[in-house]
């Protein structure tokens, strides 16, 4: 069976959930091999449990201090070594850039931001959601080893026991790849809430919060949801950019999306339009977002959300 | 310093964007404009020149696209770029990211043959395909440092230091000219062209190149040479509006919670 390389996304050794989704998708195409750049001792079991037959460990001190390029070189050498049939990479900013460089290096086509992958006789067929979620596009890579980056929440991670055989791999990193130096890295502070792109429920606030996110956060916590923000709220300095939902922030596709005080510009809709259920609360009954909602409340979020939070908490007993 | 800002002409995101029968993006039937995210790159180039008063800094806007794409260059010139280069050739239509990056890289080489290019700038993504791979591909092809997704840009002499906000960490990344730099929408609002800028743009030099001018063969680009193929496009069924209630003395919250409970979210 052909080997499918999956680049592992991890934070200091802890495997992030999208990687497990990629292993599940990889099993549709062939035999998943995880590529772990860093110290795999903490993550190897998780990878094996989710279907990684092999784990290539590239623990090279020369990779971490530089941006993107050395990782692309490491992947190139692994593709050449293994003759892999496809490479799957998590669709983060970094993942997409690694994919772009790898495509040029190995002379292969690249598809980014897939939301699903199926197999056509072993050839990956990628589904993308484009033009602010207004179109669904299916496509294939027609040259070389298909490189596909996949968005979070594209598959439910399946637990299947696999060997997870580790193999230490040494790579050669060129001087040319060591020209953009990461001189400082500050991990994002944990919020105690679910990760925005991975959450089943997202509650977002916009201009209508007036800068007071307490009602949004309170409602999110009652529902066990992640907190998001519109660009207007981020530009006003009320929330960090990491919470921005929309074209230039995160794309989310949760089971439930609650938009509070967000009018719904096309750039915001691009980031949430594929959510399963959409609810909006806005004082302005003309807000364009109401056109998309399954349920809407015309009213002041500062009154509606705290009352709803209380009601939810009461129901939970 | 010689700065080249790569700008893309995209279908207006607020217009009714469509695909052609060959599954390529309709770039003619829909109103187009300079990709909003590339305006930030033009803005940062202009700010760099303003900060480095006294230095000889030239800013060129480079665009690959159909005839109408010249509008994107014109906007950049109106904002304050000094000159424009438009690579236009029927053979380019339908090119994927790999082919597009080849055309851009070859055009950058031609610009550089006349006067060394110190800084290649781009936005963080296009607003149509939004792949975000072109800056990385250009860095790969031109063997330049890749300093990308900058939300804050600082520079001293040839050293550039930027802030990159990732999914899990904020990084400070440093590179030395010549390099590829992409900037995010967090770098600050792009300026509107002034009346003076609009008038001045009309007299700025604008060159039009065909593929033969930059040494790219027609069979290296376009739909048939793409390394990816779109098999199908399907319009997502429009969402139908559900129930809308107006809050009166707490009725909105009750209705909202009832709705969420009926959908088993509570």
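Residue numbers (our numbering), protein chains in the order written: chain A, 5 to 321; chain B, -2 to 263. Glycine included, every Cβ here is placed at the ideal spot set by N, Cα and C.
Exercise for the section: Keeping to the same chain, check which residues put their C-beta closer than 6 angstroms to that of residue 217 (chain A); ignore five residues upstream and five downstream. Expected result: In the first chain, residue 217 (chain A) corresponds to position 213, counting from 1. Closer than 6 angstroms at the Cβ level, and outside the excluded window around residue 217 (chain A), lie 209.
Problem - Segment contact flag, the stretch 120 to 135 of chain B with the stretch 28 to 37 of chain B, C-beta cutoff 8 angstroms, min 3 pairs - result: Here the stretch 120 to 135 of chain B lies against the stretch 28 to 37 of chain B, with 3 or more beta-carbon pairs under 8 angstroms apart.
Problem - chain A contacts from the stretch 160 to 175 of chain B (Cβ-Cβ distance under 9 angstroms) - result: Flagged, chain order: 161, 162, 163, 164, 165, 166, 167, 168, 169, 170, 171, 172 and 173.
Problem - Whether residue 27 (chain A) touches residue 91 (chain A) by CB criterion (8 angstroms) - result: Stepping through the first chain from its first residue, residue 27 (chain A) is reached at position 23. Stepping through the first chain from its first residue, residue 91 (chain A) is reached at position 87. If you check the CB distance, residue 27 (chain A) and residue 91 (chain A) do not come in under 8 angstroms.
Exercise for the section: Return the residues of the stretch 31 to 49 of chain B that lie within a Cβ-Cβ distance of less than 8 angstroms from chain A, sorted by chain order. Expected result: Cβ contacts with chain A: 34.
Handout entry: Cα-Cα separation, residue 39 (chain A) to residue 79 (chain A)
Key = Within the first chain, numbered from 1, the residue matching residue 39 (chain A) stands at position 35. Within the first chain, numbered from 1, the residue matching residue 79 (chain A) stands at position 75. One Cα belongs to residue 39 (chain A), the other to residue 79 (chain A), and the distance between them is close to 8 angstroms.
Handout entry: Backbone CA spacing between residue 196 (chain A) and residue 23 (chain B) [nearest angstrom]
Key = In the first chain, counting from the first residue as 1, residue 196 (chain A) sits at position 192. In the second chain, counting from the first residue as 1, residue 23 (chain B) sits at position 26. Each residue's Cα considered, the two are about 44 angstroms apart.
Exercise for the section: Please determine if the stretch 109 to 121 of chain A and the stretch 138 to 149 of chain A are in contact, where contact requires at least 3 C-beta pairs separated by less than 8 angstroms. Expected result: The answer is yes - the stretch 138 to 149 of chain A touches the stretch 109 to 121 of chain A, with three or more Cβ pairs under 8 angstroms.
Handout entry: C-alpha distance - residue 46 (chain A) paired with residue 171 (chain A), whole-angstrom precision
Key = Position 42 of the first chain holds residue 46 (chain A). Position 167 of the first chain holds residue 171 (chain A). Computed Cα separation, rounded: 15 angstroms.
Handout entry: Where residue 319 (chain A) falls, given that 16 or more other Cβ within 10 Å makes a residue buried
Key = For the purposes of this step, residue 319 (chain A) is identified with residue 315 of the first chain, where counting begins at 1. Classification for residue 319 (chain A): exposed.
Handout entry: Buried versus exposed call for residue 68 (chain A) [16 or more other C-beta atoms within 10 Å across all chains shown]
Key = Residue 68 (chain A) sits at position 64 when you count from the first residue of the first chain. Burial call: exposed.
Practice task
Examine chain B for any beta-carbon lying closer than 8 angstroms to the beta-carbon of residue 162 (chain A), and answer yes or no.
Solution key: As a working mapping, residue 162 (chain A) is identified with position 158 in the first chain. Chain B has no Cβ within less than 8 angstroms of the Cβ of residue 162 (chain A).
Practice task
Have a look at the DSSP bridge pairing and note the partners of residue 60 (chain A).
Solution key: Locating residue 60 (chain A) in the first chain gives position 56, counting from the first residue. For residue 60 (chain A), which the question treats as bridged, DSSP gives the partners A:39 and A:171.
Handout entry: Cβ neighbour criterion (16 or more within 10 Å) applied to residue 18 (chain B)
Key = The residue given as residue 18 (chain B) occupies position 21 in the second chain. By the Cβ-count criterion, residue 18 (chain B) is exposed, with fewer than 16 other Cβ atoms from all chains shown falling within 10 Å of its own Cβ.
Problem - Extent of the continuous alpha helix (DSSP H) to which residue 40 (chain B) belongs - result: One-based indexing of the second chain puts residue 40 (chain B) at position 43. Looking at the DSSP string, the run of the alpha helix (DSSP H) that includes residue 40 (chain B) is 33 to 48.
Problem - Chain-ordered residues of the stretch 115 to 144 of chain A with a beta carbon less than 8 angstroms from chain B - result: Answer in chain order: 115, 116, 117, 129, 133, 134, 135, 136, 137, 138, 139, 140, 141, 142, 143 and 144.
Practice task
For residue 98 (chain B), count neighbouring Cβ atoms within 10 angstroms of its own Cβ and tell me buried if that reaches 16, exposed if not.
Solution key: Against the second chain, residue 98 (chain B) aligns to sequence position 101. Buried, by the Cβ-count rule.
Handout entry: residue 114 (chain A), enclosing beta strand (DSSP E) - first and last residue
Key = For the purposes of this step, residue 114 (chain A) is taken as the residue at position 110 of the first chain. In the DSSP annotation of this structure, the continuous segment of the beta strand (DSSP E) that includes residue 114 (chain A) starts and ends at 114 to 124.
Problem - Within chain B, partners of residue 71 (chain A) - CB distance below 9 angstroms - result: Indexing the first chain from 1 puts residue 71 (chain A) at position 67. Those within 9 angstroms of residue 71 (chain A) in chain B are 142, 143, 144, 145, 161, 168, 170 and 172.
Exercise for the section: Would you mind reading off the limits of the alpha helix (DSSP H) that contains residue 243 (chain A)? Expected result: Counted from its first residue, the first chain places residue 243 (chain A) at position 239. First-last for residue 243 (chain A): undefined, no H or E at that position.
Exercise for the section: For residue 101 (chain B), decide whether its Cβ has a neighbour in chain A, counting only Cβ atoms nearer than 8 angstroms. Expected result: Taking the first residue of the second chain as position 1, residue 101 (chain B) is located at position 104. Not an interface residue.
Handout entry: chain A contacts made by the stretch 52 to 63 of chain B, where a contact means CB separation under 7 angstroms
Key = Contact annotation: in the stretch 52 to 63 of chain B, no residue has its CB less than 7 angstroms from a CB in chain A.
Problem - Proximity of residue 5 (chain B) and residue 60 (chain B) at Cβ, strictly below 8 angstroms - result: The residue labelled residue 5 (chain B) in the question sits at position 8 within the second chain. The residue labelled residue 60 (chain B) in the question sits at position 63 within the second chain. Contact flag set, yes.
Exercise for the section: Quick one: which unbroken beta strand (DSSP E) runs of 3-plus residues sit fully inside the stretch 55 to 99 of chain A? Chain order, please. Expected result: Entirely contained in the stretch 55 to 99 of chain A, the beta strand (DSSP E) runs reaching 3 residues are, in chain order, 58 to 62 and 90 to 94.
Practice task
Might you give, ordered along the chain, the residues of its own chain that have their beta carbon closer than 7 angstroms to the beta carbon of residue 205 (chain B), omitting 5 neighbours on each side?
Solution key: Stepping through the second chain from its first residue, residue 205 (chain B) is reached at position 208. Contacts found: 83 and 85.
Problem - Where the alpha helix (DSSP H) through residue 195 (chain A) begins and ends - result: Position 191 of the first chain, counting from 1, holds the residue named residue 195 (chain A). Per DSSP, residue 195 (chain A) belongs to no alpha helix (DSSP H) and is neither H nor E.
Problem - Under 7 angstroms from the C-beta of residue 182 (chain B): neighbouring residues of chain A - result: For this step, residue 182 (chain B) is matched to residue 185 along the second chain. In chain order: 252.
Exercise for the section: Please say whether residue 249 (chain A) and residue 228 (chain A) have beta carbons closer to each other than 8 angstroms? Expected result: Translated into positions along the first chain, residue 228 (chain A) becomes position 224. Translated into positions along the first chain, residue 249 (chain A) becomes position 245. Taking 8 angstroms as the cut-off, the beta carbon of residue 228 (chain A) is found no closer than this to the beta carbon of residue 249 (chain A).
Practice task
Please decide whether residue 263 (chain B) counts as near chain A, where near means a Cβ-Cβ distance under 8 angstroms.
Solution key: Taking the first residue of the second chain as 1, we reach residue 263 (chain B) at position 266. Cβ-Cβ to chain A under 8 angstroms: yes for residue 263 (chain B).
Exercise for the section: Answer with buried or exposed for residue 146 (chain B), where buried requires no fewer than 16 other C-beta atoms within 10 angstroms of its C-beta. Expected result: Locating residue 146 (chain B) in the second chain gives position 149, counting from the first residue. Residue 146 (chain B) is classed as buried because its beta carbon has at least 16 other beta carbons within 10 Å across all chains shown.
Exercise for the section: Using a Cβ cut-off of 8 angstroms (strictly closer), state whether residue 227 (chain A) contacts chain B. Expected result: If you number the first chain from 1, residue 227 (chain A) lands on position 223. Closer than 8 angstroms: yes.
Problem - Status (buried if at least 16 other CB within 10 Å, exposed otherwise) for residue 286 (chain A) - result: By 1-based counting over the first chain, the position of residue 286 (chain A) is 282. With 16 or more Cβ atoms within 10 Å of its Cβ, residue 286 (chain A) is classed as buried.
Handout entry: residue 151 (chain A) and residue 114 (chain A) closer than 8 angstroms at C-beta
Key = Residue 151 (chain A) sits at position 147 when you count from the first residue of the first chain. Residue 114 (chain A) sits at position 110 when you count from the first residue of the first chain. In contact: residue 151 (chain A) and residue 114 (chain A) (Cβ atoms closer than 8 angstroms).
Practice task
Anything in chain B within Cβ reach of residue 215 (chain A), meaning under 7 angstroms, just list it in chain order.
Solution key: Numbered from its first residue, the first chain carries residue 215 (chain A) at position 211. Correct list: empty, because the minimum Cβ distance to chain B is about 18 angstroms.
Practice task
Just the C-alpha distance for residue 229 (chain B) and residue 116 (chain A), rounded to the nearest angstrom, thanks.
Solution key: Along the second chain, one-based indexing puts residue 229 (chain B) at 232. Along the first chain, one-based indexing puts residue 116 (chain A) at 112. Straight through space, the alpha carbons of residue 116 (chain A) and residue 229 (chain B) are spaced by roughly 16 angstroms.
Problem - Distance between residue 296 (chain A) and residue 265 (chain A) (C-alpha atoms, nearest Å) - result: If you number the first chain from 1, residue 265 (chain A) lands on position 261. If you number the first chain from 1, residue 296 (chain A) lands on position 292. Their backbone Cα atoms lie some 15 angstroms apart in a straight line.
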